[in-house]
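Asks: One structure, pasted below without further comment.
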């Protein structure tokens, strides 16, 4: 006879799985989605989000999910935009098999799970997985606070559900005897509003180039994501951007007035 497991949300020494969600970006195969639901259910994760899924054939989904994970499929949330899907989350972990470039600072699944023990108590966590054929691109990884890679012996590419199971298992098993307080961070929606304003300001003062500013902003994003910003801190940065914008506009207006005055004096 099976008994219902008690919620672990009260256990400060383990990951609060109630605050963890699996987010699949552009999944292509219904059977993989069903298998992901089953893996998440096995490890105590009950939140599943899909972004731009290619096919949602009910029969194929449920065939792999089995009746045990059918409730995850019934509750899963479908999104049309990745930014909108990640908006409510305070911490996003992106998965990658490719390394190098902006993918230098990566954690192992076990290291990632240990980090999330403290974070998951007051923050909603998204584990982000890319399409089966090529994974997440740099465009999607810009939303991520941390990257995780699964070290393999030979073939580096894992089936989507296999990758979810590895990460979910490490979250399920992670423990610490010395939990630390971790405040609630700014969510992705707040961060993206701040980054948009910051990018506009940095372009305006020629700190970053007008050509491909999103690329230059990756270093700025990594800096802030490494430390984690609180909601009130994003407001401070936005306030600084507004003040810089006011100062630039004021100086430009004063310069224009001086130029017009000089032009008028020369004419007389």
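In the UniProt record's numbering, the protein residues as written are 1 to 268.
Glycine included, C-beta positions come from ideal geometry on N, C-alpha and C.
1) Within this structure, are the beta carbons of residue 125 and residue 42 separated by less than 8 Å?
2) Under three-state DSSP, which class holds residue 3?
3) Leaving aside the five residues before and after residue 30 along the sequence, list all residues of the same chain whose C-beta is less than 6 Å from its C-beta, in chain order.
4) Mind checking whether residue 65 and residue 44 have CB atoms under 8 Å apart?
5) Tell me which same chain residues have a C-beta within less than 8 Å of the C-beta of residue 174, skipping the five on either side of it?
6) Check whether the Cβ of residue 175 lies closer than 7 Å to any heavy atom of the ligand COA, and answer yes or no.
7) Does DSSP put residue 91 in a helix, a strand or coil?
8) For the beta strand (DSSP E) containing residue 78, name the first residue and the last one.
9) Since residue 49 sits in a beta bridge, which residues does DSSP pair it with?
10) Look up residue 11 in the DSSP assignment and say whether it is helix, strand or coil.
11) Whose C-alpha, out of 222, 252 and 201, is nearest the C-alpha of residue 241?
12) Could you tell me the alpha carbon to alpha carbon distance between residue 195 and residue 82, rounded to whole angstroms?
13) Given 8 Å as the limit, is there contact between the region 151-168 and the region 178-196, that is, 3 or more CB pairs closer than that?
14) Hey, how far is the Cα of residue 246 from the Cα of residue 210?
15) Between 85, 108 and 230, which lies nearest to residue 184 when the distance is taken from Cα to Cα?
16) From residue 236 to residue 68, what distance separates their C-alpha atoms?
17) Look at the Cβ atom of residue 48, then the Cβ atom of residue 12, and state whether they are nearer than 8 Å.
18) Please classify residue 108 as buried or exposed, where buried requires at least 16 other C-beta atoms within 10 Å of its C-beta.
19) Looking only at DSSP bridge pairs, what is residue 128 linked to?
20) Using the Cβ count rule (16 or more neighbours within 10 Å means buried), how would you classify residue 171?
21) Can you list, in chain order, the residues of its chain whose CB lies under 8 Å from that of residue 213, leaving out five sequence neighbours each side?
22) In this structure, does DSSP put residue 175 in helix, strand or coil?
23) Taking the beta carbon of residue 3 as the centre, do at least 16 other beta carbons fall within 10 Å, making it buried, or is it exposed?
24) Can you tell me the Cα-Cα spacing of residue 251 and residue 208, whole angstroms?
Replies: In short, the structure shows the following:
1) no
2) Low confidence applies here, because residue 3 scores a pLDDT of 43, under 50, leaving its location unreliable; read the following figure in that light. Three-state DSSP puts residue 3 in coil, outside helix and strand.
3) 55, 57, 60 and 61
4) no
5) 14, 15, 110, 113, 114, 116 and 117
6) The ligand COA is absent from the structure shown, which contains no ligands of any kind.
7) strand
8) 77-79
9) 23 and 77
10) coil
11) 201
12) 16 Å
13) no
14) 20 Å
15) 230
16) 47 Å
17) no
18) exposed
19) 23 and 94
20) buried
21) 199, 202 and 203
22) strand
23) Model confidence at residue 3 stands at a pLDDT of 43, short of 50, so the residue's coordinates are unreliable; what they give is reported in the following sentence. It is exposed - the Cβ of residue 3 has fewer than 16 other Cβ atoms within 10 Å.
24) 20 Å
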